[in-house]
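Q: So the sequence lines, in the order shown, correspond to chains G and A. To get my numbering, take the position in the first sequence, counting from 1, and add 28. To get my numbering, take the position in the second sequence, counting from 1, and add 70. Even for Gly, the Cβ is constructed at its ideal location relative to N, Cα and C. Just passing along the structure, written as C-alpha cells.
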Amino acid sequence: MIIRFINFLGKSTINICTTTGEFTLFLLEAIKTLCTSKLKFSKTFSQMDRIGVESLSIVILTGLFTGMVLALQTYIGFQRVGGEQFIGAIVALGLIRELGPVLTALMVTGRAGSAITAEIGTMIITEQVDALTTLRINVFQYLVIPRIIASTLILPFLTLFSMFFGIIGGYIVCVYVLELSPEDYESSIRNYVEISDIKGGLQKAAVFGLILSWVGTYKGMYTHGGARGVGIATTQSVVASSILILITNYFLTKLLEQL
Amino acid sequence: MSTKNPKTKIKIIDLQKEFENHWVTRGVNLDIPEGLMTIIIGRSGEGKSVLLKQIIGLIKPTFGNIIIDGIDITTLNNKELNECYKKFGYVFQFAALLDSLNVFENVGITLIEQGKSHEEILPIVKEKLALVQLSEDTLYKYPSELSGGMRKRVGLARTLITNPEIILYDEPTTGLDPITAHLIHELMFDMQKRLNITSVVISHDTESFKYADKIALLHEGKIQYFGDAKTIWESDNPYIYQFIRGLPEGPITKEIAYFKDKA
C-alpha cells in the first residue's frame with residue numbers, strides 16, 4: 029500500500045516536471061523562432077481576425093451584462109450606506125482593473141483557445157504537421173508564432189470593448205432601471221478612474237492573450253491518440269488556460285500595484 | 071527491371087525503436103538500392119510506418135543507424151535534418167493535405183513559403199499536377215472536394231515539387247479501388263523510372279510487386295526476407311511464402327507479438 033502510494037507520488041512528480049519542462053521549452057522555442065525567422069504577417073492578421081474579430085460579439089455581450097449586474101449588485105450594497113453616487117466608479121474600476129481583462133480572456137479561451145488546440149491537434153493526428161516538416165516548413169513559424177502574436181496583440185483591444193460596453197451596461201441599469209442621476213455616474217468615473225488603471229488592465233489582457241495561445245498551441249502540438257485525443261487536449265487546454273489566467277491575475281495585480 | 075549491383079542509397083543498421091516498454095523494430099538491417107523501387111511488406115501493426123518515419127527522421131530510433139549517402143541521419147540535429155529533407159519526399163497514407171489550403175497552395179506550399187510569386191509558382195504546380203495526371207480544373211479545389219485517389223495524387227505532386235532523390239510511400243493504394251490503385255502504381259513506377267528516384271514503398275497490395283525491384287518482409291521487428299521482386303513467387307523462404315499467399319499456417323502467427331525486450 030505504502031509502496032504503491034510512493035510509486036504514485038513519484039510518477040505524478042515526474043509527470044508534472046516533464047509537462048512543466050516541455051511547456052517552458054515550447055515557449056523558449058517559440059521565442060527563438062520569433063527572433064531568428066521572419067514573422068508571417070498575413071497569417072498573423074488572419075489569426076487576429078479569427079481570435080479577435082470573431083470573438084467580438086461574445087466579448088461585448090459579456091462586458092455589457094457584467095457591467096449591468098455589477099451596477100445592480102453594487103446598488104444593493106451601497107444603498108444601505110448611502111453611497112449610490114460611487115456606483116459608476118465601482119463599476120468602471122471593477123471592469124477596467126479586473127473583470128474586463130479576466131472575463132474577456134476566459135471567453136476567448138473558451139472560443140478561440142479551444143479552436144487553436146483542436147485545429148493543431150487535428151493536424152497532428154492527420155499527419156499534416158509531419159507533412160509540413162518533411163516539406164522543410166518551420167512548424168513553429170507557420171503554426172505557433174502567428175497564433176501567439178495575434179492573441180497577445182488582440183486581447184487588449186477586445187478588453188477595451190469589454191470595458192467600454194460594461195460601463196455602458198452599468199449606465200443603463202443606473203439611469204434607466206434604478207433611476208439614479210446620470211451626472212453622478214459619469215462624474216464618479218471621471219473622479220476616481222485613472223489612466224494607469226486602464227493601462228494596467230490592458231497589460232493584464234496582453235499577458236492573458238499570451239497564456240491562452242501558448243497553452244492552446246502547446247496542447248495542440250502534443251495531441252496524440254486520434255479523435256478522442258483531440259477532445260482531451262481541447263478540454264485540457266481550456267481548463268489549464270483558465271486556471272493559469274486566474275492564478276496569473278493575482279500575481280499580476282500584486283505586481284502592478286507595486287509598480 | 072532491376073539493374074546489376076546498384077549503389078546503396080539508404081543503409082539501415084540494427085535499427086531498434088521502443089515505445090513505452092514495447093519494442094516495435096528490434097534490429098532492422100536493410101540496404102535500399104539507389105534508383106530502384108523497394109517495397110516493404112508485413113502485417114498490419116508490425117511497425118512498417120514507424121520504420122519509414124525513422125528513415126526520414128520524423129521518429130528518432132532508440133538504437134541503430136540510418137546512413138543516407140554516407141551521412142548518419144540519426145546523429146543530425148533538427149537544422150541538419152531539415153537540410154537532409156531536401157533529398158526526401160514523403161507520400162502519406164491519407165495524403166496529409168492541409169485542409170485549409172486549396173490544391174494550388176498545397177502543391178506549391180514549399181515555394182509559397184520561400185516567398186516566390188504566384189506567377190512563378192503556377193507553371194511549376196501545373197507541371198507537377200500534369201505529371202500525376204490531374205487537370206488544371208483541380209487547382210483551386212479544396213481537399214474535401216477531392217476523391218481519395220485525387221488526394222493521393224495531389225500528395226504525390228506536392229512531394230515532386232522539390233525534385234526529391236528519395237520518395238517514401240506509406241501505403242499509397244490503401245482504401246482505393248483497383249482501377250485507381252493501378253493508376254497510382256503506374257504513376258509511382260513512371261516517376262521512379264523517369265526521374266531516377268529511389269522509392270521505398272510500404273504496401274500490402276500484391277499488385278504492387280510487379281512494379282517493384284526489391285521486396286523486404288518485416289516481421290517481429292526484423293527483416294525476415296529481402297530479395298528480387300521478380301523471383302518472389304518462386305521463393306522458398308517460409309515467411310514470404312506464407313505472406314504473399316495469405317496462408318493461415320506458417321511461421322507468421324495470427325496475433326501481432328508485443329515485445330517487452332529487444333532481443
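1. Would you mind sorting T73 (chain A) into buried or exposed? The rule is 16 or more other CB atoms within 10 Å of its CB.
2. Can G134 (chain A) and I83 (chain A) be called in contact, C-beta distance under 8 Å?
3. So the beta strand (DSSP E) W93 (chain A) belongs to, where does it begin and stop?
4. Indicate the three-state DSSP secondary structure (helix, strand or coil) for Q156 (chain G) in the structure shown.
5. Which ranges would you report for the alpha helix (DSSP H) in the segment 152–191 of chain A if only whole runs of at least 4 residues count?
6. What is the rounded straight-line gap between the Cα of T281 (chain G) and the Cα of E82 (chain G)?
7. Under the three-state reduction of DSSP, which class applies to T370 (chain G): helix, strand or coil?
8. Quick check on the burial criterion: 16 or more other C-beta atoms within 10 angstroms. Buried or exposed for Y210 (chain A)?
9. Spatial neighbours of L121 (chain G) within its chain, please: CB distance less than 7 Å, with the 5 preceding and 5 following residues excluded, ordered by chain position.
10. Using the beta-carbon count (16 or more within 10 Å), is L127 (chain G) buried or exposed?
11. Going along chain G, which residues have a C-beta under 8 Å from L128 (chain A)?
12. Have a look at the DSSP bridge pairing and note the partners of E88 (chain A).
13. Report yes if the C-beta distance between Y246 (chain G) and F51 (chain G) is below 8 Å; otherwise report no.
14. Identify whether V221 (chain G) lies in helix, strand or coil by the three-state DSSP scheme.
15. What runs of the alpha helix (DSSP H), each 4 residues or longer, lie entirely inside the segment 191–249 of chain A?
16. To be precise: take each residue of the segment 165–195 of chain G, compare its Cβ to all Cβ atoms of chain A, and keep it if any distance is under 7 Å. Which residues remain?
17. CA-CA distance, A286 (chain A) and R223 (chain A)?
18. Taking the straight line between their C-alpha atoms, what separation do you get for M71 (chain A) and M220 (chain A)?
19. Applying a beta-carbon distance threshold of less than 8 Å, which residues of chain A neighbour E155 (chain G)?
20. Any beta carbon from chain G within less than 8 Å of N233 (chain A)'s own beta carbon?
21. Assuming contact is defined by CB atoms lying nearer than 8 Å, are I231 (chain A) and T243 (chain A) in contact in what I supplied?
22. Is the segment 170–185 of chain G touching the segment 230–237 of chain G, taking contact as three or more C-beta pairs under 8 Å?
23. Do G197 (chain G) and F93 (chain G) have their C-beta atoms within less than 8 Å of each other?
24. Could you please give me the residues that DSSP links to H252 (chain A) through a beta bridge?
25. Short of 7 Å in beta carbon distance, which residues of its chain neighbour A251 (chain A), apart from the five on each side in sequence? Order them along the chain.
26. Relative to the alpha-carbon of S85 (chain G), which residue among G:L160, G:F54, G:N35, G:A140 has its alpha-carbon at the smallest distance?
27. Exposed or buried, E147 (chain G), counting other C-beta atoms within 10 Å across all chains shown (16 or more means buried)?
28. Between the Cα of E206 (chain A) and those of A:V173, A:N307, A:L246, A:K186, spot the shortest distance and give me the residue it belongs to.
29. For a contact meaning CB atoms closer than 9 Å, what does T268 (chain A) contact in chain G?
30. Is the beta carbon of S214 (chain A) sitting closer than 8 Å to the one on D169 (chain A)?
31. Quick check on DSSP: helix, strand or coil for Y250 (chain G)?
32. Cα separation between Q231 (chain G) and P184 (chain G)?
33. Please list the segments of the alpha helix (DSSP H) lying wholly inside the segment 101–158 of chain G, counting only runs of 4 or more residues, in order along the chain.
34. Determine, for N172 (chain A), whether the minimum Cβ-Cβ distance to residues of chain G falls below 8 Å.
35. So, with DSSP's three-state summary, where would you put L297 (chain G)?
36. Verify whether the separation of the beta carbon atoms of L67 (chain G) and I173 (chain G) is less than 8 Å.
A: In this structure, then:
1. Its pLDDT being 48, under 50, T73 (chain A) is placed unreliably by the model, and the measurement read from it follows with that caveat. Exposed: under 16 other Cβ atoms inside 10 Å.
2. yes
3. Following the DSSP letters along the chain, one finds W93 (chain A) inside the beta strand (DSSP E) bounded by residues 92–103.
4. helix
5. You should have 173–177, 179–183.
6. T281 (chain G) and E82 (chain G): Cα-Cα distance of roughly 28 Å.
7. The structure shown does not extend to residue 370 (chain G), since chain G is modelled only from 29 to 287, so the question has no answer here.
8. exposed
9. Y220, V221, D225
10. buried
11. D158, T161, T162
12. Beta-bridge pairing links E88 (chain A) to A:W93.
13. yes
14. coil
15. 218–230
16. I165
17. 25 Å
18. At M71 (chain A), the pLDDT of 44 sits below 50, so the modelled position is not reliable; the number obtained from the coordinates is stated separately. Approximately 28 Å, taken between the alpha carbons.
19. F162, Q163, F164, A166
20. no
21. Cβ atoms of I231 (chain A) and T243 (chain A): not closer than 8 Å.
22. yes
23. yes
24. In DSSP, H252 (chain A) forms no bridge with anything.
25. Taken in chain order, the residues that qualify are T243, D275, E277.
26. G:A140
27. buried
28. A:V173
29. Per Cβ cutoff of 9 Å: no residues; T268 (chain A) is ~15 Å from chain G at best.
30. yes
31. coil
32. Whole-angstrom Cα-Cα distance: 7 Å.
33. 115–121, 128–136, 142–153
34. no
35. Outside the shown range of chain G (29 to 287) lies residue 297 (chain G), about which nothing can therefore be said.
36. yes
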